[in-house]
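Encoded as structure tokens, the structure appears first; notes follow it.
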Amino acid sequence: MTSIMTAAEMTDGQIENAVGKLRDAMRKHRSEITSDVAQQVLGTENLGMMMFTPFRERAEVFSTLIVRKVTVNRDRSQQDAIEATGRTQYTERTVVDAMPEGMGDEVEVVFFKPDLSGRNGSISDDDLEKEFELRGLKPADPISVARVNEADPAFADEKPHCTHWKDDKGNWCYAVFSCWGGKRDVGVNRSGGYWIHSDGRWSDRWWFAGVRK
């Protein structure tokens with residue numbers, strides 16, 4: 315029987331530890347900010363998330379499992395979801411129009427990067443499915459992954475990522491998000507296209523997007 319890999323979420327103790335470090339730093343540097351200005355900053359909308367984001371980015375440096383929560387507009391067409399990312403498009407329109415639309419307005423997308431050192435640095439789509447299974451995941455719908463990139467365009471700069479699915483003829487298809495030569499782009503096509511090896515294998519540069527079953 316295959317055991318499912320799971321990662322425990324950050325504990326309350328770790329949260330208190332992080333808050334304590336922030337408190338210590340703010341007390342140490344309190345003379346650098348006046349009370350009036352501090353009060354104005356405290357009135358900033360969504361300040362907590364703004365303070366949390368650098369911590370999350372630091373955590374992602376060490377992580378092989380990254381979670382992003384997004385609100386998805388399911389009323390958009392597949393092409394509209396791709397357009398909303400603002401990325402340069404390298405897409406096959408017929409594949410875009412047939413992309414799985416997914417379900418749910420609130421989605422938790424889990425990105426992982428498998429160890430491919432024992433596979434000569436690449437993996438097939440069929441074997442990639444086993445990696446999803448191993449983690450208790452299934453491939454994320456491309457609409458949700460596009461929403462992650464709409465919300466955080468820089469995410470794929472350091473974490474190029476993708477999801478895949480089979481079309482009605484049983485062909486593997488993919489949506490990839492990356493940054494080449496300083497240009498952020500999105501590719502949607504059938505397996506074996508420009509974005510992956512001609513033999514349809516994924517190299518070890520890629521992260522993969524899933525959702526929990």
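Going by this note's numbering, the sequence shown runs without a break in its numbering and finishes at 527. Think of the CB as a built atom: it goes at the ideal place given N, C-alpha and C, for glycine as much as any other residue. Quick caveat, the model's predicted, so the values are computed rather than measured.
*asked:* On the DSSP bridge list, what partners appear for D466?
replied: Within the sequence shown, residue 466 is the residue found at index 152, counting from 1. D466 is not bridged to any residue.
*Considering only residues of the same chain and omitting the five flanking positions on each side of P414, which have a CB-CB separation below 8 angstroms?*
The sequence position of residue 414 within the sequence shown is 100, counting from 1. Once the five neighbours on either side are set aside, the close Cβ partners of P414 are D455, P456, I457, W479.
*Determine the closest residue to A460 out of D471, V386, S505, with distance taken between C-alpha atoms.*
Position 146 of the sequence shown holds residue 460. When each option's Cα is compared against that of A460, the closest is V386.
*E422 to A468, Cα distance in whole Å?*
By one-based count along the sequence shown, residue 422 stands at place 108. By one-based count along the sequence shown, residue 468 stands at place 154. Going by the C-alpha atoms only, they are around 18 angstroms apart.
_Restricting to Cα atoms, I'd like to know which of N463, D518, D326, A470 is closest to G432._
Walking along the sequence shown from the start, residue 432 turns up at place 118. Ranking N463, D518, D326, A470 by Cα distance to G432 puts D518 first.
_For K444 and F426, the rounded distance between their alpha carbons_ = Position 112 of the sequence shown, counted from the start, is the residue given in the question as residue 426. Position 130 of the sequence shown, counted from the start, is the residue given in the question as residue 444. In a straight line, the C-alpha of F426 is about 13 angstroms away from that of K444.
*Around the C-beta of T316, are 16 or more other C-beta atoms found within 10 angstroms, so that it is buried, or is it exposed?*
Residue numbering aside, residue 316 sits at position 2 when the sequence shown is read from its first letter. With a pLDDT of 42 at T316, under the threshold of 50, the predicted position of this residue should be treated as unreliable, and no value is reported.
*Given a cut-off of 9 angstroms, decide if G506 and D513 are closer than it, judged by their beta-carbon atoms.*
As a first step, residue 513 is located in the sequence shown; it is residue number 199 there, counting from the start. As a first step, residue 506 is located in the sequence shown; it is residue number 192 there, counting from the start. Going by C-beta atoms, D513 is nearer than 9 angstroms to G506.
*Could you check if P428 is buried or exposed, using at least 16 other CB atoms within 10 Å of its CB as the buried criterion?*
Position 114 of the sequence shown, counting from 1, holds the residue named residue 428. By the neighbour-count rule (16 or more Cβ atoms within 10 Å), P428 is buried.
*asked:* Is I396 close to the ligand SAH? I mean its beta-carbon at under 8 angstroms from any heavy atom of the ligand.
replied: The ligand SAH is absent from the structure shown, which contains no ligands of any kind.
*Use the C-beta contact count for G524: other C-beta atoms within 10 angstroms, 16 or more gives buried, fewer gives exposed.*
Taking the first residue of the sequence shown as 1, we reach residue 524 at position 210. By the 10 Å Cβ count, G524 comes out buried.
*Closest by CA to G496, which one among E397, G435, R449, T402?*
The residue you call residue 496 lines up with position 182 of the sequence shown. The residue with the shortest Cα to Cα distance from G496 is T402.
_6 angstroms Cβ shell around I318 - same chain, five flanking residues per side excluded_ = Counting from 1 along the sequence shown, the entry for residue 318 is found at position 4. Residue placement at I318 is flagged as unreliable, the pLDDT there being 48, under the threshold of 50; a coordinate-derived value is accordingly withheld.
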